[in-house]
């Protein structure tokens, strides 16, 4: 009688699952200021590059406020120069005994107030510049516009979505699996995935237990 050693060989069997795909990256850029849409030259289905300008908002009101803020800053800067010069003059006069200590303190307070006014004017101008940067909405990454949420002439408010963009170069598959199959899976594991007639290499991103199983 001939004998031979027998070894158990595990062979992976394909498993068919029902699920759905979604892009790994999906974004909905929103307005940061209240303004009217003056340009929205794109359509749903358009492919766009990262940083491409898609929405332009009306900036006339902001530009007018910027001119006012710049004029206010120039006035405040001039007042600060005068207050600084007067403070230095009062310091020299106080050393020689020509003016009292109270007069010097008054000049010091006036100089501090002028500094605060100048700083506030500069901050107001910087805030307007920041708001102006929000007047153009760009694509956060390369992808395809799947939904256009505003049209030219629409008024938008802070927080209002402008468009939805998806990166269709990387997709995620979400599919339910049984507990017996889930036991042999772990995050980061590489698995071949066949979708339609094409097989691609995929990786398990995560395993979320169901509340009912």
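Residue numbers (our numbering): 34 to 246.
All C-beta atoms, glycine included, are put in the ideal place defined by N, C-alpha and C.
All figures in this text were calculated on a predicted structure; none of them were measured in a lab.
query = Can you tell which of 100, 132, 125 and 198 has the C-alpha that lies nearest to the C-alpha of residue 81?
reply = Your numbering for residue 81 matches position 48 in the chain shown. It is 198 whose Cα lies nearest to the Cα of residue 81.
Coarse secondary structure for residue 69, derived from DSSP in three states = Here residue 69 corresponds to residue number 36 of the chain shown, with the count starting at 1. Strand, per DSSP.
task = Take the Cβ of residue 53 as the centre, count every other Cβ of all protein chains shown within 10 Å, and call the residue buried at 16 or more, exposed below.
result = Position 20 of the chain shown, counted from the start, is the residue given in the question as residue 53. With fewer than 16 Cβ atoms within 10 Å of its Cβ, residue 53 is classed as exposed.
inquiry  = Which of the three DSSP states is assigned to residue 146 in this structure?
reply    = Taking the chain shown and counting its residues from 1, the one referred to as residue 146 is at position 113. Helix, per DSSP.
ask   = Run through DSSP, which three-state label would residue 74 get?
value = By one-based count along the chain shown, residue 74 stands at place 41. The answer is coil: DSSP assigns residue 74 none of H, G, I, E or B.
Residue 237, DSSP secondary structure in three states = Locating residue 237 in the chain shown gives position 204, where the first residue counts as 1. Coil, per DSSP.
Same chain only: Cβ atoms within 6 Å of residue 233, ignoring 5 sequence neighbours per side = Numbered from its first residue, the chain shown carries residue 233 at position 200. Counting only Cβ-Cβ distances below 6 Å, and skipping sequence neighbours, we find 226.
query = Three or more beta-carbon pairs under 8 Å between the region 99–109 and the region 127–139, yes or no?
reply = no
task = Whole angstroms is fine: what's the gap from residue 106's alpha carbon to residue 159's?
result = Sequence index remark: in the chain shown, residue 106 carries index 73 (1-based). Sequence index remark: in the chain shown, residue 159 carries index 126 (1-based). Taking the straight line from one Cα to the other gives about 11 Å.
ask   = From what residue to what residue does the alpha helix (DSSP H) around residue 108 run?
value = Along the chain shown, read from residue 1 onward, the residue named residue 108 stands at position 75. Taken as a continuous stretch (DSSP letters only), the alpha helix (DSSP H) holding residue 108 covers 93–128.
request  = With DSSP as the reference, label residue 218 as helix, strand or coil.
outcome  = Counting from one through the chain shown, the residue named residue 218 turns up at place 185. If DSSP states are grouped into helix, strand and coil, residue 218 belongs with coil.
message = Please classify residue 140 as buried or exposed, where buried requires at least 16 neighbouring CB atoms within 10 angstroms.
response = Here residue 140 is taken as the residue at index 107 of the chain shown, counted from 1. Result: buried.
message = Here's the rule: buried if 16 or more other CB atoms are within 10 angstroms of the residue's CB, otherwise exposed. What is residue 61?
response = For this step, residue 61 is matched to residue 28 along the chain shown. Exposed.
ask   = If we ignore side chains and look at the alpha-carbon of each, how far apart do residue 109 and residue 164 end up?
value = Counting from one through the chain shown, the residue named residue 109 turns up at place 76. Counting from one through the chain shown, the residue named residue 164 turns up at place 131. So the two alpha carbons sit approximately 22 Å from each other.
message = Classify residue 207: buried if its beta carbon has 16 or more other beta carbons within 10 angstroms, exposed otherwise.
response = In the chain shown, residue 207 corresponds to position 174, counting from 1. With fewer than 16 Cβ atoms within 10 Å of its Cβ, residue 207 is classed as exposed.
Collapsed DSSP secondary structure at residue 204 in the structure displayed = Sequence index remark: in the chain shown, residue 204 carries index 171 (1-based). Reduced to three states, the DSSP call for residue 204 is strand.
ask   = Where does the unbroken beta strand (DSSP E) through residue 181 begin, and where does it stop?
value = As a first step, residue 181 is located in the chain shown; it is residue number 148 there, counting from the start. Segment 176–181, the beta strand (DSSP E) holding residue 181.
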